[in-house]
Amino acid sequence: MPELPEVQTVVNDLKNLGLVGLTIEAAQVYWPRTVASEGDFGRIAGHAILNIWRRAKYLVFDLSGDLSLIVHLRMSGRLDLKDASETRSKHEHLVLSLEGGRELRFHDTRKFGRVWLTEDAQSVLGHLGPEPLEEGFTAASLTASLKTKQRQLKPLLLDQSFVAGLGNIYVDEALWQAGLHPTRTASSLNGAEAAKLHAAIIEVLERGLRNSGTTLGSGQGNFYSVAKRRGRNADELKVFRRDGEACPRCGATIERLIVGQRSTHVCPVCQP
DNA sequence: GTCTATGTTTGCGG
DNA sequence: TCCGCAAACATAGA
9 MPELPEVQTV VNDLKNLGLV GLTIEAAQVY WPRTVASEGD FGRIAGHAIL
59 NIWRRAKYLV FDLSGDLSLI VHLRMSGRLD LKDASETRSK HEHLVLSLEG
109 GRELRFHDTR KFGRVWLTED AQSVLGHLGP EPLEEGFTAA SLTASLKTKQ
159 RQLKPLLLDQ SFVAGLGNIY VDEALWQAGL HPTRTASSLN GAEAAKLHAA
209 IIEVLERGLR NSGTTLGSGQ GNFYSVAKRR GRNADELKVF RRDGEACPRC
259 GATIERLIVG QRSTHVCPVC QP
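Numbered per the numbering used here, the first sequence spans residues 9 to 280.
Right under this line is the structure:
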């Protein structure tokens with residue numbers, strides 16, 4: 009569930025909560041499959057957090073001694089910062105004890121989330137495509153790479169090696185914004201359409217970021233950032249999970265369909 | 001109570 | 001190259 013804006017929000021919160029500079033004093037793994045890297049996870053003890061940043065939907069903690077702690081939240085993962093005295097919930101699968109008495113806890117009801125402790129961050133992050141909010145992602149580069157692909161737009165944009173950080177929500181929103189149908193073949197876009205898609209991707213991501221991410225519904229399984237804060241972006245969504253409602257641009261009824269095995273939302277008039 | 005759907009990623013077979 | 005499917009799990013909602 010967390011896509012680029014949600015993961016960036018978590019990074020921002022962790023930094024605001026003062027984690028950079030703290031030493032990790034101990035680690036406890038309660039669900040071994042959460043740890044995807046080889047080697048003894050306990051060797052993280054004694055390493056300080058030098059920086060926290062994001063690549064695609066991955067959180068990266070630069071640690072002293074050239075170690076990297078990498079976290080992917082997948083569907084239901086969350087990081088909670090709690091006092092060490094608080095009792096552990098049954099969904100907290102990894103607990104890092106921090107200098108000063110607080111603990112960073114990886115909470116993941118569905119257990120799809122993964123963490124890596126590695127000397128070689130590239131082995132985890134190396135397959136990722138361009139960051140859509142960085143310089144290298146231009147209308148020209150997107151246009152050129154779209155031309156070489158015979159795939160449908162939706163599964164292509166969800167492919168993290170094509171462009172990094174988009175998930176189901178923001179892909180549907182970007183395609184609506186650009187007026188493109190999710191089943192269009194990538195290579196069929198003309199220059200103007202590709203440029204419009206480029207602008208739409210950036211716009212929906214930046215809006216999500218400004219709103220501290222998207223929290224759907226009210227249940228526990230939805231996105232909450234570190235300080236238990238909900239994202240405010242749900243109200244800004246134009247088509248995602250709005251099937252049956254009126255398109256905010258033309259008033260037609262939004263439809264839901266399945267594209268590439270993923271539920272997909274479109275305006276049949278704006279996205280022919 | 002029971003059934004269905006789920007926002008992610010990876011790997012496999014065709 | 002590309003597509004479809006399954007798997008990793010638990011919970012919310014109908």
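Even for Gly, the Cβ is constructed at its ideal location relative to N, Cα and C. Source: prediction; values computed, not measured.
Straight across, the Cα-Cα distance linking L77 with G26 is about 17 Å. With a cut-off of 8 Å on Cβ pairs, the segment 130-145 is not in contact with the segment 247-263, counting fewer than three such pairs.
The segment 109-119 makes no contact with the segment 153-172; the number of CB pairs closer than 8 Å stays below 3. The Cβ atoms of L12 and L75 lie no closer than 8 Å to each other. At a Cβ-Cβ threshold of 8 Å, D88 and V247 do not count as neighbours.
Between the segment 26-41 and the segment 50-57 there are three or more C-beta pairs closer than 8 Å, enough to call the two in contact.
Counted as a single uninterrupted DSSP element, the alpha helix (DSSP H) harbouring R215 occupies residues 199-218. Put simply, the backbone Cα of L265 is about 5 Å away from that of T272. In this structure, L104 lies near A35, with their beta-carbon atoms less than 8 Å apart. Per DSSP, the beta bridge partners of Q160 are T193. By alpha-carbon distance to L224, the top candidate from R122, M83, Y38 is M83. Residue pairing by DSSP puts I78 in a beta bridge opposite V68, W124. L150: member of the alpha helix (DSSP H) spanning 147-155, first to last residue. Secondary-structure assignment with DSSP links A34 through a beta bridge to S105.
Counted as a single uninterrupted DSSP element, the alpha helix (DSSP H) harbouring N176 occupies residues 176-186. Ranked by how close their Cα comes to the Cα of Y66, the residues P280, D91, L133 have L133 in first place. The beta carbon of A129 sits closer than 6 Å to those of S76, all from its chain and outside the five residues before and after it, given in chain order. Collapsing the DSSP output to three states places G137 in coil. If you draw a 10 Å sphere on the C-beta of A64, you find 16 or more other C-beta atoms in it, and that means buried. Counting every other CB atom within 10 Å of its CB across the protein chains shown gives A148 a total below 16, marking it as exposed.
Rounded to the nearest whole angstrom, the C-alpha separation of W184 and R86 is 29 Å. Within a 10 Å sphere around the beta-carbon of T222 sit 16 or more other beta-carbons, which makes this residue buried. One thing to note: Q160 has its Cβ within 8 Å of the Cβ of R192.
In this structure, the straight-line span from the alpha carbon of Y178 to that of V212 is close to 7 Å.
Shown here, E263 sits in a strand according to DSSP, grouped into three states.
One alpha carbon belongs to K98, the other to Y38, and they sit about 9 Å apart. By alpha-carbon distance to S195, the top candidate from T151, G216, R215 is T151. CA-to-CA, the gap between T42 and H101 works out to about 7 Å. Taking 8 Å as the cut-off, the beta carbon of G187 is found no closer than this to the beta carbon of C258.
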